[in-house]
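See below for the structure under consideration.
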Amino acid sequence: MNDLLRSLKLNILHVGYAKLDHHWNYSDVISPFMRLFYITKGTAVMNHTNQLFVLKPGYMYLVPSYIYNSYSCEEYHEQYYLSFFEEIEPGLSVANLKQLRFEVKANASDVLYFNRLMTLNPDLEIKNSTPKPQIKKVLTQKGKKANISFASSNYLETQGIISVLMSRFIMQRDHVVLEGGDYRDLNKVLIYIAKNLNLPITVEKLSKYCGLSVDHFSRSFIKKFGMRPVHYIQSRRIARAQLLLLSTQDSLKQIAEDVGFKNAAYFSRIFKQITGNTPASYRKTHFNL
Numbered sequence: 000m001n002d003l004l005r006s007l008k009l010n011i012l013h014v015g016y017a018k019l020d021h022h023w024n025y026s027d028v029i030s031p032f033m034r035l036f037y038i039t040k041g042t043a044v045m046n047h048t049n050q051l052f053v054l055k056p057g058y059m060y061l062v063p064s065y066i067y068n069s070y071s072c073e074e075y076h077e078q079y080y081l082s083f084f085e086e087i088e089p090g091l092s093v094a095n096l097k098q099l100r101f102e103v104k105a106n107a108s109d110v111l112y113f114n115r116l117m118t119l120n121p122d123l124e125i126k127n128s129t130p131k132p133q134i135k136k137v138l139t140q141k142g143k144k145a146n147i148s149f150a151s152s153n154y155l156e157t158q159g160i161i162s163v164l165m166s167r168f169i170m171q172r173d174h175v176v177l178e179g180g181d182y183r184d185l186n187k188v189l190i191y192i193a194k195n196l197n198l199p200i201t202v203e204k205l206s207k208y209c210g211l212s213v214d215h216f217s218r219s220f221i222k223k224f225g226m227r228p229v230h231y232i233q234s235r236r237i238a239r240a241q242l243l244l245l246s247t248q249d250s251l252k253q254i255a256e257d258v259g260f261k262n263a264a265y266f267s268r269i270f271k272q273i274t275g276n277t278p279a280s281y282r283k284t285h286f287n288l
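Residue numbers for the sequence shown follow numbering that gives the first Met the number 0, beginning at 0 and rising by one.
This is the structure in structure tokens:
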């Protein structure tokens with residue numbers, strides 16, 4: 000796990016302080032980046048991962064990337080906010096490897112961290128709190144050279160502060176003990192999947208890659224990651240498809256092929272099964288504003 004975390008890449012997008020009222024009311028928001036809120040006054044409500052969170056002063060809240068969420072404020076609240084891309088190896092997130100908590104009590108250092116981030120990055124406040132224009136703007140810039148020139152010291156300090164804040168939400172669970180006392184690290188399988196989403200990936204191929212029998216591999220994968228290998232592969236393919244739908248004008252057929260679906264109809268069926276929308280509807284709703 001530590002080797003993987005050493006490859007962590009962080010890219011700050013927004014940081015600031017906001018005073019929000021009943022206009023802060025949005026549903027079915029999905030972002031290709033993580034968001035973090037630190038509530039200082041008032042209250043609001045947020046819903047994601049089938050959980051309802053009452054946003055309270057003195058607490059911080061994390062919203063993972065590619066997770067549908069809704070939030071609303073009946074009267075008034077104030078918050079520090081931070082959004083950032085995070086990636087471990089190609090296409091992986093900390094959320095793929097670690098169990099996350101989404102609510103933590105803030106401590107005295109956290110307000111100092113947010114204020115320091117705002118000092119280091121003075122031009123990254125959100126001008127328009129409506130989420131979809133933010134997301135579209137970020138996606139059109141993703142992968143391009145940043146238009147903000149960071150001093151080396153500011154860049155390193157920014158990375159360090161985001162790492163500290165994000166670490167507060169990580170639950171300390173690492174390797175799972177496999178059958179027969181085998182401590183093999185299955186995380187390398189996630190990297191293999193992320194790098195080869197456009198190719199045929201079978202459970203047999205993955206088990207061979209790990210040097211395990213198919214049954215042993217499948218049981219170990221479920222024990223560690225909480226789902227069957229086939230379901231995990233499908234979820235990563237659809238997450239990659241979501242990014243391509245939002246950040247490119249490629250045809251649905253091309254995107255299906257790029258994420259390993261040779262049959263466009265099957266791609267659409269699995270996409271709707273996981274996201275609740277067809278690929279065309281998803282693109283229209285979240286990109287063509």
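Glycine included, each C-beta is placed from N, C-alpha and C at the ideal position.
Anticipated Cβ contact below 8 Å, Tyr70 with Ala43, distance rounded: 6 Å
Scan the region 71 to 95 and note each continuous beta strand (DSSP E) run of 3 residues or more that stays entirely inside, going in chain order. 75 to 87
Are the CB atoms of Ser219 and Leu185 nearer to each other than 8 Å? yes
Compute the distance between the beta-carbons of Ile38 and Lys55, then report whether it is under 8 Å. With contacts defined by Cβ atoms closer than 8 Å, Ile38 and Lys55 form a contacting pair.
Using the DSSP secondary-structure output, state which residues sit across from Asp109 in a beta bridge. Answer is none; Asp109 lacks a bridge partner.
Helix, strand or coil: how does DSSP classify Gln272 here? For Gln272, the secondary structure class from DSSP, reduced to helix, strand or coil, is helix.
So, Met33 versus Glu85, is the Cβ gap smaller than 8 Å? yes
Counting C-beta neighbours from all protein chains within 10 Å, is the total for Lys194 16 or more, i.e. buried, or is it exposed? exposed
Here's the rule: buried if 16 or more other CB atoms are within 10 angstroms of the residue's CB, otherwise exposed. What is Thr48? Exposed, because fewer than 16 other Cβ atoms sit within 10 Å of the Cβ of Thr48.
Buried or exposed for His76, please, with buried defined as at least 16 other CB atoms from any protein chain shown within 10 angstroms of its CB. With 16 or more other Cβ atoms within 10 Å, it is buried.
Phe32 (DSSP reduced to helix, strand or coil): Phe32: coil per DSSP, three-state reduction.
Can you tell me whether Asn24 is helix, strand or coil according to DSSP? strand
Selected residue, minimal CA-CA separation from Arg282, among Lys8, Gln241, His215: Gln241
Classify Gly41 as helix, strand or coil using the three-state DSSP reduction. When secondary structure is reduced to three states using DSSP, Gly41 falls in the strand class.
Tell me the rounded alpha-carbon separation between Val202 and Ala255. 20 Å
Nearest neighbour of Arg5, chosen from Asn95, Arg227, Ser162, Phe216 [CA to CA]: Per the Cα distances, Ser162.
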